[in-house]
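To start, the structure itself, in structure tokens.
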Ligand SMILES: [Fe+2]
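Residue numbers (our numbering): 2 to 187.
Right, dumping it as structure tokens:
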């Protein structure tokens, strides 16, 4: 499917959706198919979006962000064998696969949330997300992403708010430590 769906059109549609509803389930339902159209279009895709960050394990490339940091669209390039710690986003998230297969682990938080610096997680389910596949998460959804292939993978991530402006967390699965999660963005 390729129907000339530009970044400008995608951003305009995102603005219309969040202006029309604040219901996260409805936002996710409406953004998902548009994210799939956007990754199918590929007119936005440039060689620099495949650039990775060896220290971080993945490269983060900003495609769009509103002046108030809402509606961020990011292209993420993942190094083989690398990935994220378990993390949340502090906002809703829609991930659409562009190239390659990314392994996702989704978690439930099972502690009583009485401590800011502690969180106990249990695995909810695991799955592979490939080209055109969607991973949609409400605010508070926790997952871990790993590129288990031998090539760089690419996905487009759309968030209700830029993830470095949401006070989101990463979770250490061994120590149960909960700490801020900031990423380097190009
Ligand atoms: Fe994520």
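In this text, a Cβ means the ideal position worked out from N, Cα and C, and glycines have one as well.
Alpha-carbon to alpha-carbon, residue j and residue i
| i | j | result |
| --- | --- | --- |
| residue 66 | residue 91 | 16 Å |
| residue 20 | residue 33 | 17 Å |
| residue 111 | residue 142 | 13 Å |
| residue 157 | residue 174 | 26 Å |
| residue 63 | residue 187 | 6 Å |
| residue 52 | residue 124 | 31 Å |
| residue 165 | residue 71 | 11 Å |
| residue 43 | residue 5 | 9 Å |
| residue 167 | residue 151 | 32 Å |
| residue 180 | residue 114 | 14 Å |
| residue 137 | residue 183 | 20 Å |
| residue 119 | residue 86 | 15 Å |
| residue 133 | residue 41 | 7 Å |
Whether residue i touches residue j by CB criterion (8 Å)
| i | j | result |
| --- | --- | --- |
| residue 107 | residue 88 | no |
| residue 95 | residue 75 | no |
| residue 153 | residue 129 | no |
| residue 198 | residue 35 | Only positions 2 to 187 of the chain appear in the structure, and residue 198 is not among them; the question remains open. |
| residue 172 | residue 122 | yes |
| residue 73 | residue 11 | no |
Residue i, enclosing beta strand (DSSP E) - first and last residue
| i | result |
| --- | --- |
| residue 8 | Run containing residue 8: none in the beta strand (DSSP E); it sits in the alpha helix (DSSP H), 8-21. |
| residue 129 | 122-130 |
| residue 72 | 71-79 |
| residue 57 | Looking at the DSSP string, residue 57 is not in any beta strand (DSSP E), and its letter there is neither H nor E. |
| residue 83 | First-last for residue 83: undefined, no H or E at that position. |
| residue 100 | 94-100 |
| residue 159 | 154-162 |
| residue 144 | 143-147 |
| residue 135 | 135-138 |
| residue 108 | 103-110 |
| residue 119 | Taken as a continuous stretch (DSSP letters only), residue 119 belongs to no beta strand (DSSP E), as it is neither H nor E. |
Enclosing alpha helix (DSSP H) for residue i [first to last residue]
| i | result |
| --- | --- |
| residue 178 | Neither: residue 178 is in no alpha helix (DSSP H) and is coded neither H nor E. |
| residue 35 | 25-42 |
Residue-chain proximity (residue i, chain B), Cβ-Cβ < 8 Å
| i | result |
| --- | --- |
| residue 61 | In summary, chain B is missing from the structure at hand, where a single protein chain is found. |
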